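What follows is a single structure, written as structure tokens, with notes after it.
Numbering (the numbering used here), first residue to last: 9 to 526.
Structural data, given as structure tokens:
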């Protein structure tokens with residue numbers, strides 16, 4: 009009965025367009041007669057009369073920047089609705105929904121800074137209606153004589169410096185024009201509907217830290233002085249700037265002084281090469297958020313922005329120490345300690361407990377090394393972050409690995425089996441926890457070493473940084489993997505015998521673990 013109810017609710021929800029995750033561009037694909045694919049409806053119904061219609065109270069002369077207008081979706085039958093705008097926003101969002109079935113619903117829309125705006129809508133419902141319709145698109149433009157500004161003095165957003173601009177990355181370009189001895193005007197464009205940012209940095213390091221950044225987000229340009237590798241807050245409005253979206257293309261324009269007026273600002277120096285950084289969000293993410301891999305840096309001369317050199321990210325001391333300590337800890341020491349504990353217990357001629365001494369000594373050193381590496385990671389990013397698989401896997405591995413000495417103490421609290429005795433429940437639980445978490449942490453740590461190398465490559469760090477990280481990871485993970493496979497094939501191999509101090513013609517040590525002090 010419950011399953012039937014859940015299925016019915018899911019079927020009903022899929023029939024209401026308000027439950028769809030669909031933006032302005034997506035709605036454009038649902039024209040009359042096109043495939044729909046929800047609630048078993050094959051095609052969108054043909055729009056006829058007021059089946060589904062859009063109307064607005066925007067004057068025929070056009071909209072005024074920042075003002076609110078009413079956009080109404082109506083239908084002859086009570087239906088659910090989804091409405092989207094190409095620019096401007098419904099309370100900060102590109103889309104707005106009505107989950108209940110209505111014949112008419114009005115939504116408050118805030119006009120963008122300039123350009124034009126179009127509206128698209130779907131009306132539909134499941135159940136006994138079981139149909140969906142597409143409204144004819146409605147468009148409007150800015151009122152004549154209105155200039156495009158977000159704060160401060162007015163600035164014409166359609167006026168940009170000559171030239172097609174310098175490509176920062178795919179779909180994102182920049183043009184710059186030195187106005188006089190004191191000011192420079194910069195225009196950044198993106199073919200994606202998302203937030204965009206441009207930053208000025210000292211030296212040639214591609215880093216957010218200490219960057220003087222301008223960000224176009226949520227319809228305005230804010231200036232940030234970055235202090236950490238995290239989403240900045242407390243931005244300052246930029247006078248005379250504009251942040252506009254026209255037909256899905258975002259444009260940020262601002263004028264700034266060439267000189268730095270404070271210690272936080274970074275000067276622009278035409279005639280000399282300097283580094284800039286840039287970033288943007290995912291498609292549809294118009295509010296400043298984490299950029300993931302959508303970032304980069306260039307070295308250019310603002311006196312001639314026709315060409316630039318890709319700036320390779322340099323590694324600060326904190327990153328160098330992080331990758332070195334983690335590659336040694338999780339790439340070599342800790343995996344070797346685990347492998348030796350697993351593969352040298354029954355080496356012929358090995359002194360009793362030799363495997364345990366090896367395991368304990370190596371793990372103690374590896375434990376300390378990985379903790380230093382973790383501290384270096386926090387120092388590098390200036391915070392705990394979980395924005396990538398490397399962060400998450402690394403954090404879990406460190407937590408599990410750091411707990412190992414403490415759950416190992418429980419070993420003496422569990423009844424230790426004598427030769428021939430079966431293991432107690434407490435002993436079995438200890439082995440599951442200690443060995444299980446150890447194996448998981450070790451595999452995660454080894455994997456994360458290589459994920460870290462891939463991150464360095466993707467973020468375009470200098471060759472030396474990538475080479476050192478890859479070499480250390482290869483030496484550590486490669487050697488322990490080779491040894492583990494070798495020991496599976498040949499138990500009394502030369503490495504195991506040498507490390508345990510096994511005698512050349514000794515006898516096999518039975519139940520070595522029982523001879524280790526419990």
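Glycine included, every Cβ here is placed at the ideal spot set by N, Cα and C. The structure displayed is predicted, hence computed values, not measured ones.
Simplified DSSP assignment, three categories, for residue 330:
Translated into positions along the chain shown, residue 330 becomes position 322. Residue state, collapsed to three classes: helix.
With a Cβ-Cβ cutoff of 7 Å, do residue 119 and residue 135 count as a contact?
Within the chain shown, the letter at position 111 stands for residue 119. Within the chain shown, the letter at position 127 stands for residue 135. Not a contact, by the Cβ cut-off of 7 Å.
Per DSSP, residue 238 is paired with what?
In the chain shown, counting from the first residue as 1, residue 238 sits at position 230. Per DSSP, none; premise fails for residue 238.
For the segment 83-91 and the segment 235-253, state whether three or more C-beta atom pairs, one from each stretch, are separated by less than 8 Å.
no
Helix, strand or coil: how does DSSP classify residue 350 here?
On the chain shown, residue 350 is found 342 positions in, with the first residue counted as 1. In this structure, residue 350 counts as helix in the three-state DSSP scheme.
Can you tell me whether residue 197 is buried or exposed? The criterion is at least 16 other CB atoms within 10 Å of its CB, across all chains shown.
Taking the chain shown and counting its residues from 1, the one referred to as residue 197 is at position 189. That one is buried.
When 185, 132, 217, 188 are compared against residue 326, the one with the closest alpha-carbon
For the purposes of this step, residue 326 is taken as residue 318 along the chain shown, with counting starting at 1. Residue 326 has its Cα closest to that of 217, out of 185, 132, 217, 188.
Hey, would you say residue 141 sits closer than 7 Å to residue 80, going by beta carbons?
Walking along the chain shown from the start, residue 141 turns up at place 133. Walking along the chain shown from the start, residue 80 turns up at place 72. No; because the gap between Cβ atoms is not below 7 Å, this pair is not in contact.
Relative to the C-alpha of residue 35, which residue among 268, 71, 67, 89 is closest?
Position 27 of the chain shown, counted from the start, is the residue given in the question as residue 35. Minimum Cα distance to residue 35 is reached at 89.
Below 8 Å on the Cβ atoms is my guess for residue 248 versus residue 223; work out the distance and round it to an integer in Å.
Here residue 248 is taken as the residue at index 240 of the chain shown, counted from 1. Here residue 223 is taken as the residue at index 215 of the chain shown, counted from 1. Not a contact, Cβ separation roughly 16 Å.
Helix, strand or coil for residue 174, going by three-state DSSP, please let me know.
Here residue 174 corresponds to residue number 166 of the chain shown, with the count starting at 1. Correct three-state label for residue 174: strand.
My assumption, with CB atoms under 8 Å, is that residue 177 sits in contact with residue 294. Please give the rounded CB distance.
Walking along the chain shown from the start, residue 177 turns up at place 169. Walking along the chain shown from the start, residue 294 turns up at place 286. Not really, about 18 Å apart at Cβ, beyond 8 Å.
Would you check if the segment 358-376 and the segment 464-477 touch, i.e. whether three or more CB-CB distances between them fall below 8 Å?
no
Might you give, ordered along the chain, the residues of its own chain that have their beta carbon closer than 7 Å to the beta carbon of residue 416, omitting 5 neighbours on each side?
The sequence position of residue 416 within the chain shown is 408, counting from 1. Excluding sequence neighbours, residue 416 sits near 442.
Mind checking whether residue 444 and residue 338 have CB atoms under 7 Å apart?
In the chain shown, residue 444 corresponds to position 436, counting from 1. In the chain shown, residue 338 corresponds to position 330, counting from 1. Cβ atoms of residue 444 and residue 338: not closer than 7 Å.
Could you check which residue in 388, 311, 40, 407 has the C-alpha nearest to that of residue 185?
The residue you call residue 185 lines up with position 177 of the chain shown. Residue 185 has its Cα closest to that of 311, out of 388, 311, 40, 407.
Who are residue 88's beta bridge partners in DSSP?
In the chain shown, counting from the first residue as 1, residue 88 sits at position 80. Paired residue(s): 132.
Residue range of the unbroken beta strand (DSSP E) whose run includes residue 191:
Counting from one through the chain shown, the residue named residue 191 turns up at place 183. Residue 191 -> beta strand (DSSP E) spans 191-198.
Proximity to residue 503 [Cα-Cα], best of 351, 419, 450, 437:
Counting from 1 along the chain shown, the entry for residue 503 is found at position 495. Ranking 351, 419, 450, 437 by Cα distance to residue 503 puts 351 first.
Going by the CB atoms, is the gap between residue 62 and residue 148 shorter than 7 Å?
Residue numbering aside, residue 148 sits at position 140 when the chain shown is read from its first letter. Residue numbering aside, residue 62 sits at position 54 when the chain shown is read from its first letter. Not closer than 7 Å, so no.
Answer with buried or exposed for residue 302, where buried requires no fewer than 16 other C-beta atoms within 10 angstroms of its C-beta.
In the chain shown, counting from the first residue as 1, residue 302 sits at position 294. Buried: at least 16 other Cβ atoms inside 10 Å.
Leaving out five residues on either side along the sequence, give the residues of the same chain with a beta carbon under 7 Å from the beta carbon of residue 397.
On the chain shown, residue 397 is found 389 positions in, with the first residue counted as 1. If we look at residue 397 and ignore the five residues flanking it on each side, its Cβ neighbours are 459.
Would you list the residues sitting across from residue 51 in a DSSP beta bridge?
Here residue 51 refers to the residue found at position 43 of the chain shown. Per DSSP, 43.
Would you mind working out which of 299, 150, 381 sits nearest residue 70, comparing C-alpha positions?
Along the chain shown, read from residue 1 onward, the residue named residue 70 stands at position 62. That would be 150, whose Cα lies nearest to the Cα of residue 70.
Is residue 475 closer than 7 Å to residue 357 when the C-beta atoms are compared?
In the chain shown, residue 357 corresponds to position 349, counting from 1. In the chain shown, residue 475 corresponds to position 467, counting from 1. The answer is no: Cβ separation not under 7 Å.
Output the distance between the C-alpha atoms of residue 143 and residue 92, rounded to the nearest integer angstrom.
Counted from its first residue, the chain shown places residue 143 at position 135. Counted from its first residue, the chain shown places residue 92 at position 84. Their backbone Cα atoms lie some 11 Å apart in a straight line.
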